[in-house]
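Undergrad: So for the sequence shown, my numbering puts the first residue at -4; every next one is plus one.
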Amino acid sequence: MKRVRQTLLPPITSEQHLGDSATLNAQFWFERLPLRITAGWSLAAGLLAGGVLRAPGALSWQTLVLLWLLADPLWGAIWRLAAGRTESLRLPARTLGVRGRLPYLEQGSPAAQLFGSDGPASLRLLYRVALPAVLVGLLVASALGVPALVLTVVVIGLGVAGWISVRVLHLWPFLLQAIVAVGLPWLLALILLDVNGLSPDWNRQLALLLLWVLHMWGANRALAHTLDWPAIGVMAVAALGIGVLMVVAQAPLWLALLALLWLPTWLAAYQRRALQSQQVWWLLAMLVSTLALGQAG
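In structure tokens, the structure reads:
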């Protein structure tokens, strides 16, 4: 019986990997607390602001799925490259051991000298992680149309700018991060809902988008530094602007709800406490403000 088994199932004599079944391998995980302002939630905010609840059939569910895949995991994967290897998953040695054949990526080339500051495996990460992320992002964007494709190129450009900011200027790109996480997903949702410069409420739509980008810029700084008062001031200016916008949109009841949602943040700032626990309130405030504008439009 043992001999029959060995004949039917001979012992494995070479290294095998289950991941070899795919051309491109991907791994998904929750990045910290999901209930905070991220690209996926910003996409939902853009849909609400654009009035998707008033016209539920404006976008098919297939389009919504592609939208989320592009704006959240794919744009996020491209933007994460700005941090270099520090925020990339560690690739197995067998993957890193395969060398590229392109002459301009060989050791000692100008490209190798440019990217070498990130470690010896940087070039291999460049074409094994960065290139697939960019290509898949562009492929999904092409299925959504020219606006999605253009904004994906913008994300790539912002990722390069973010890399330069982190690796060369040694400055954390808080504003660029806010644009990628809030501004671009929101804008893509509005464009696909045909909300543009010809729409009667375009000025209010654009103002709310920019105010939440401003809020997220300040919030990113406030979360990174303890009691960053200039950042808290930026958040206050954004909140005040959103309040004025609610008055202009004739939505006073929504403004009262927003005031309640912002209250914990200002109490925490007054008591000189860290703002990490306030992120869920910012998310709720963003969704409420966009819902108010979507209903008012």
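A virtual CB, placed ideally from N, CA and C, is assigned to each residue, including glycine.
According to DSSP, simplified to helix, strand and coil, what is Gly140?
TA: Correct three-state label for Gly140: coil.
Undergrad: Excluding sequence positions up to five away, which residues of its chain have a Cβ less than 7 Å from the Cβ of Leu48?
TA: Closer than 7 Å at Cβ, skipping near neighbours: Gly289.
Undergrad: With Leu139 and Leu38 assumed to form a contact (beta carbons below 8 Å), what rounded beta-carbon distance in angstroms separates them?
TA: Their Cβ separation, rounded to whole angstroms, is 12 Å, which puts Leu139 and Leu38 out of contact at 8 Å.
Undergrad: Run the CB neighbour count on Trp277, radius 10 Å, all protein chains shown included, and call it buried at 16 or more, exposed below.
TA: It counts as buried.
Undergrad: With C-beta atoms as the reference, is Ala184 less than 8 Å away from Gly79?
TA: Their beta carbons are not under 8 Å apart, which means Ala184 does not touch Gly79 by this criterion.
Undergrad: Leaving aside the five residues before and after Pro180 along the sequence, list all residues of the same chain whose C-beta is less than 6 Å from its C-beta, in chain order.
TA: Cβ within range, chain order: Ala34, Ser37, Leu38, Ala66.
Undergrad: Is there a Cβ from chain B that is less than 8 Å from the Cβ of Asp189?
TA: No chain B is part of this structure, which consists of one protein chain only.
Undergrad: Tell me whether Arg49 sits in a helix, a strand or coil according to DSSP, three-state version.
TA: Three-state DSSP puts Arg49 in coil, outside helix and strand.
Undergrad: Since I believe Leu69 is in contact with Val148 (beta carbons under 8 Å), could you give me their beta-carbon distance rounded to a whole number of angstroms?
TA: Going by Cβ atoms, the distance from Val148 to Leu69 rounds to 13 Å, so no, they are not a contact pair.
Undergrad: Just the C-alpha distance for Ile186 and Gln200, rounded to the nearest angstrom, thanks.
TA: Roughly 11 Å between the two C-alpha positions.
Undergrad: Given this structure, state the Cα-to-Cα distance separating Trp74 from Gly238, to the nearest angstrom.
TA: Those two C-alpha atoms are separated by around 31 Å.
Undergrad: Could you spell out where the alpha helix (DSSP H) holding Asn20 opens and where it closes?
TA: Counting along the chain, Asn20 falls outside any alpha helix (DSSP H), and DSSP gives it neither H nor E.
Undergrad: So, using beta-carbon positions, are Val229 and Trp207 closer together than 8 Å?
TA: Not closer than 8 Å, so no.
Undergrad: Considering His210, what are the terminal residues of the alpha helix (DSSP H) in which it resides?
TA: Start and end: 197 to 219.
Undergrad: Applying the 10 Å Cβ sphere with the 16-neighbour rule, what's the burial state of Arg268?
TA: Per the 10 Å Cβ criterion, exposed.
Undergrad: For Val275, I'd like the list of residues in its chain whose CB is within less than 6 Å of its CB, leaving aside the five on either flank, ordered along the chain.
TA: Leu30.
Undergrad: Please state the DSSP three-state secondary structure of Ala233.
TA: DSSP places Ala233 in helix when its eight states are reduced to three.
Undergrad: Leaving out five residues on either side along the sequence, give the residues of the same chain with a beta carbon under 7 Å from the beta carbon of Ala280.
TA: Closer than 7 Å at the Cβ level, and outside the excluded window around Ala280, lie Leu253, Leu256, Trp257.
Undergrad: Do you know offhand how far His165's Cα is from Val155's?
TA: Roughly 14 Å separates the two Cα atoms.
Undergrad: Can you tell me whether Pro168 is helix, strand or coil according to DSSP?
TA: Three-state result, Pro168: coil.
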